[in-house]
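A.B. asks: One line per chain: the protein sequences are G and P, in this order. Our numbering runs 250 ahead of the 1-based position in the first sequence. Our numbering runs 245 ahead of the 1-based position in the second sequence. Ideal Cβ positions, reconstructed from N, Cα and C, are used throughout, including at glycine. One structure follows; several queries about it will come next.
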Amino acid sequence: MIVFASCIILFLIGLYAVVTKRNLIKIAIGFALIEYAINLLFAFVGFKRGALAPIITQLDTPHNFVDPIPQALVLTAIVIALGTTALMLTIIMRIYNRYKTFDIAEIRKLRG
Amino acid sequence: MIELYLFLAFMIIAAIVATEIKDLLSAVISLGAVGFSVAIMFILIQAPDLAIVQIVIEVLTIVIFIAVISRTTHIDETIGKKLSSTHICAIVLYAFFTILFLIVMFRSLQEIPDFGNPIMKIASEYIKLGLPKTGGANIVADVILDFRALDTLGEATVLFTSVIGVVALMRKSGRKK
């Protein structure tokens with residue numbers, strides 16, 4: 251329970267950065283933190299106490315593995331997170347080149 | 246499992262530092278600390294595939310962040326400024342939705358199985374059929390490359406779409422002076 255709760259705390263820290271920070275890089279960091287929190291929560295849900303990683307090494311013994319499906323889904327999500335982060339940072343760099351600031355309040359003022 | 250709790254505490258402290266520090270380069274390094282502690286936790290919960298991918302992706306993320314910061318500025322000038330009305334409004338909204346979210350989360354955490362005892366209804370089938378049907382010893386690789394290959398195709402599509410977006414935004418030729 252503590253394990254799931256700390257994932258939720260990490261999610262809330264990321265959400266705090268996204269909602270209340272005025273610096274665009276801080277907002278990107280907040281998105282990255284949210285991604286970590288969700289990936290970690292998924293991986294924790296599939297954990298089985300005393301089990302091994304889901305790789306078959308011996309054929310005759312009965313398999314005692316952790317749940318492989320959350321791991322497969324998170325594997326996909328981690329890679330997609332890199333793509334979205336790269337695109338977000340590129341857009342942030344374009345915004346900086348145009349307005350010479352990361353402050354979203356300033357950027358809103360300079361419009362038009 | 247005591248090391249898992251230590252890494253969770255370290256992760257949360259590093260996350261708070263990453264959001265609150267003034268120097269953006271230090272914030273990105275703290276983000277790297279969070280990512281690598283996540284990778285170590287993946288090893289601790291018996292997910293070596295995830296740990297490998299997480300380390301590679303983490304390094305790439307930090308490189309991209311530092312490339313952007315080195316081309317722009319590394320001081321967060323917004324920290325310590327006076328709070329505007331929209332900012333206070335955002336904080337109040339955040340507090341409200343946090344309370345709502347925590348209520349929903351508290352209820353749903355009671356529904357999901359406890360840490361360490363997952364429901365493995367579909368997974369037991371995959372573990373049983375993984376080696377005979379696909380010939381792969383790694384069940385995670387069997388799932389992403391055979392049983393759910395269309396999911397991986399979608400992932401590749403998203404990745405290449407984002408690469409096209411980055412290339413289109415970064416190109417030098419064809420831009421108006």
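Taking beta-carbon pairs under 7 angstroms, can you tell me which members of the region 381-402 of chain P lie near chain G?
C.D. replies: Flagged, chain order: Ala382, Asn383, Ile384, Val385, Val388, Ile389, Arg393, Asp396, Thr397, Glu400.
A.B. asks: Taking only the alpha-carbon atoms, compute the straight-line gap between Ser353(P) and Leu260(G) and give it to the nearest angstrom.
C.D. replies: Whole-angstrom Cα-Cα distance: 17 angstroms.
A.B. asks: Helix or strand or just coil, what does DSSP make of Gly361(P)?
C.D. replies: It is a strand residue.
A.B. asks: Helix, strand or coil, according to DSSP, for Asp353(G) in the structure here?
C.D. replies: Strand, per DSSP.
A.B. asks: For the alpha helix (DSSP H) containing Leu295(P), name the first residue and the last one.
C.D. replies: Counting along the chain, the alpha helix (DSSP H) containing Leu295(P) begins and ends at 293-316.
A.B. asks: For Asn314(G), does the three-state DSSP call read helix, strand or coil?
C.D. replies: Here Asn314(G) sits in coil by DSSP.
A.B. asks: Using 8 angstroms as the Cβ pair cut-off and three pairs as the minimum, do the region 315-327 of chain G and the region 249-261 of chain P touch?
C.D. replies: Contact fails: fewer than three Cβ-Cβ distances are below 8 angstroms.
A.B. asks: Hey, quick one: how far does the alpha helix (DSSP H) through Asn289(G) stretch, first residue to last?
C.D. replies: Unbroken alpha helix (DSSP H) run through Asn289(G): 274-295.
A.B. asks: Is there a C-beta anywhere in chain G that falls below 8 angstroms from the one on Gly325(P)?
C.D. replies: Cβ-Cβ to chain G under 8 angstroms: no for Gly325(P).
A.B. asks: Go ahead and pull the three-state DSSP assignment for Asp268(P).
C.D. replies: Residue state, collapsed to three classes: strand.
A.B. asks: Between which two residues does the alpha helix (DSSP H) harbouring Met246(P) extend?
C.D. replies: Where Met246(P) is concerned, there is no enclosing alpha helix (DSSP H), given that its DSSP letter is neither H nor E.
A.B. asks: Using a Cβ distance threshold of 8 angstroms, determine whether the region 307-317 of chain P contacts the region 268-279 of chain G, with at least three qualifying pairs required.
C.D. replies: Yes: the two stretches touch, three or more of their Cβ pairs being nearer than 8 angstroms.
A.B. asks: Could you confirm whether any beta carbon from chain G is found closer than 8 angstroms to the beta carbon of Asp268(P)?
C.D. replies: Asp268(P) does not count as touching chain G.
A.B. asks: Determine the chain G residues that contact Leu345(P) at a beta-carbon separation under 9 angstroms, and present them in chain order.
C.D. replies: Here the premise fails: no neighbours, minimum Cβ distance about 12 angstroms.
A.B. asks: Express the C-alpha separation of Ser329(P) and Thr323(P) in angstroms, rounding to a whole number.
C.D. replies: Straight-line Cα distance between these residues: approximately 11 angstroms.
A.B. asks: My guess is that Leu332(G) and Val283(P) are in contact by the Cβ rule of under 8 angstroms, so how many angstroms apart are they, rounded?
C.D. replies: Leu332(G) to Val283(P), Cβ: 14 angstroms. No contact.
A.B. asks: Residues of chain P with CB under 7 angstroms from Tyr286(G), in chain order?
C.D. replies: By Cβ distance, chain P contributes Val279, Gly280, Val283.
A.B. asks: Can you grab the Cα-Cα spacing for the pair Thr397(P) / Lys359(G), in whole Å?
C.D. replies: For Thr397(P) and Lys359(G), the distance between alpha carbons rounds to 42 angstroms.
A.B. asks: Residues in the region 305-322 of chain G with C-beta within 7 angstroms of chain P's C-beta atoms, listed in sequence order?
C.D. replies: Those would be Ile305, Ile306, His313, Phe315, Val316, Asp317, Pro318, Ile319, Gln321, Ala322, in chain order.
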